[in-house]
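For what it's worth, the UniProt record's numbering labels the leading residue of the sequence shown as 1, then goes sequentially. Note that beta-carbon positions come from the ideal geometry of N, C-alpha and C, so glycine has one too.
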Amino acid sequence: HTVPFIEGANKLTVRRSNVLEDSIETFNSFNNHKELKILFEGENKSAASDAGGLGKEWFTVVSKELLNPENRLFVQCDSDEIAYFISEDSEEEKDRDDKYYFVGLFMAKSLFDKIPLNLCLSKAIYKYILGDDNEMSLEDLKQFDLSLYNSLKYISDHNIDDGSCGDMYFTHQRKSGVEEELTYGGKEIKVTESNKAQFVYVKIDFVTK
Numbered sequence: 001h002t003v004p005f006i007e008g009a010n011k012l013t014v015r016r017s018n019v020l021e022d023s024i025e026t027f028n029s030f031n032n033h034k035e036l037k038i039l040f041e042g043e044n045k046s047a048a049s050d051a052g053g054l055g056k057e058w059f060t061v062v063s064k065e066l067l068n069p070e071n072r073l074f075v076q077c078d079s080d081e082i083a084y085f086i087s088e089d090s091e092e093e094k095d096r097d098d099k100y101y102f103v104g105l106f107m108a109k110s111l112f113d114k115i116p117l118n119l120c121l122s123k124a125i126y127k128y129i130l131g132d133d134n135e136m137s138l139e140d141l142k143q144f145d146l147s148l149y150n151s152l153k154y155i156s157d158h159n160i161d162d163g164s165c166g167d168m169y170f171t172h173q174r175k176s177g178v179e180e181e182l183t184y185g186g187k188e189i190k191v192t193e194s195n196k197a198q199f200v201y202v203k204i205d206f207v208t209k
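1. Taking the Cβ atom as the reference point for each residue, do Leu67 and Phe59 lie within a distance shorter than 7 Å?
2. What did DSSP end up calling Ile189 once you bin it into helix, strand or coil?
3. Identify the continuous alpha helix (DSSP H) that holds Val103 and give its terminal residues.
4. How would you write the range of the beta strand (DSSP E) that Glu181 sits in, first residue to last?
5. Report the CB separation of Glu88 from Lys175 in whole angstroms; it is logged as a contact under 8 Å.
6. Checking 7 Å against the spacing of the C-beta atoms, do Lys196 and Ile155 come in under that value?
7. Taking the alpha carbon of Met168 as the point to measure from, which residue in Met136, Leu119, Asp95, Phe199 has its own alpha carbon closest?
8. What residues in its chain sit with their C-beta under 6 Å from that of Lys142, if we drop five residues either side in the sequence?
9. Closest to Phe206 by C-alpha separation, out of Met136, Thr192, Glu188, would be which residue?
10. If we call anything under 7 Å between Cβ atoms a contact, is Val62 one with Ser23?
11. Identify every residue that forms a DSSP beta bridge with Phe40.
12. Please classify Tyr126: does DSSP put it in a helix, a strand, or coil?
13. Excluding sequence positions up to five away, which residues of its chain have a Cβ less than 6 Å from the Cβ of Ser194?
14. Can you tell me which of Lys34, Arg72, Ser17, Ile38 puts its alpha carbon nearest to the alpha carbon of Ala108?
15. Can you say whether Ile86 is buried or exposed, counting buried as having 16 or more other CB atoms within 10 angstroms of its CB?
16. Since residue 217 sits in a beta bridge, which residues does DSSP pair it with?
17. Got a sec? Which residues, its chain only, sit under 7 Å from Gly53 by beta carbon, not counting five neighbours each side?
18. To the nearest angstrom, how far is it from the Cα of Gln81 to the Cα of Ile125?
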């Protein structure tokens, strides 16, 4: 239930030039059951009580910043749908966990306050949130990385011992060029017809987690 406004509100003051960082710094400690009162620094304070207008604007501005490629949190999916998935580059971000924790709270608050978000995340993200019993499948991969899906689909459907796929190993090359092992000693394990199912499984698990 919503805590009545008279019992207190969460007051969030942010700079438009630094709205995402300012929001994360303060919002993560808020009680989401309280009303949210937004103030953009340097702007008319009386506007803070405009029937939630600034709050809705804050949700819109922050949503846009979350999808901004410069913030390296999400990347547009390689798929037929317009959606976003977690960016590989986010691993290099300082306070990465705090930022994604904020995303969760931010989305929860929008649901609680019945404010729609223009935040089209991949269905695969929501499936992952639902828990360990919902493992990612090859079809899930299709929703955010069509190129990789087509590659793994071909491997799954064809005999690769004929050399049609060239030499492949249990590794994954990130967009940065860094090659990582999918399993211990993966650089030495060649993908064959007999182990390709395991390769597809660990590949999907790696890129989705």
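So, to answer that:
1. In this structure, the beta-carbon distance from Leu67 to Phe59 does not fall below 7 Å.
2. Reduced to three states, the DSSP call for Ile189 is coil.
3. Run containing Val103: 96 to 112, per the alpha helix (DSSP H) assignment.
4. Per DSSP, Glu181 belongs to the beta strand (DSSP E) from 179 to 181.
5. Confirmed, Cβ separation roughly 6 Å.
6. Yes, they are a contact pair.
7. Nearest C-alpha to Met168: Phe199.
8. Taking Lys142 as the centre and dropping the five residues before and after it, the same chain places the C-beta of Tyr149 closer than 6 Å to its C-beta, in chain order.
9. Met136 is the residue among Met136, Thr192, Glu188 whose C-alpha sits nearest the C-alpha of Phe206.
10. Contact: yes.
11. Bridge partners of Phe40: Val14.
12. Residue state for Tyr126 is assigned as helix, using DSSP reduced to three classes.
13. Cβ within range, chain order: n/a, list empty.
14. Answer by Cα proximity: Lys34.
15. Using a 10 angstroms sphere on the CB of Ile86, the tally of other CB atoms reaches 16 or more, which defines it as buried.
16. In the structure displayed, the chain extends from 1 to 209; residue 217 sits before or after that span and is not available.
17. Taking C-beta separations shorter than 7 Å and ignoring five residues to either side along the sequence, Gly53 has no partners in its chain.
18. This sequence places Glu at residue 81; Gln is not what is there. Distance between the alpha carbons of Glu81 and Ile125 is about 14 Å.
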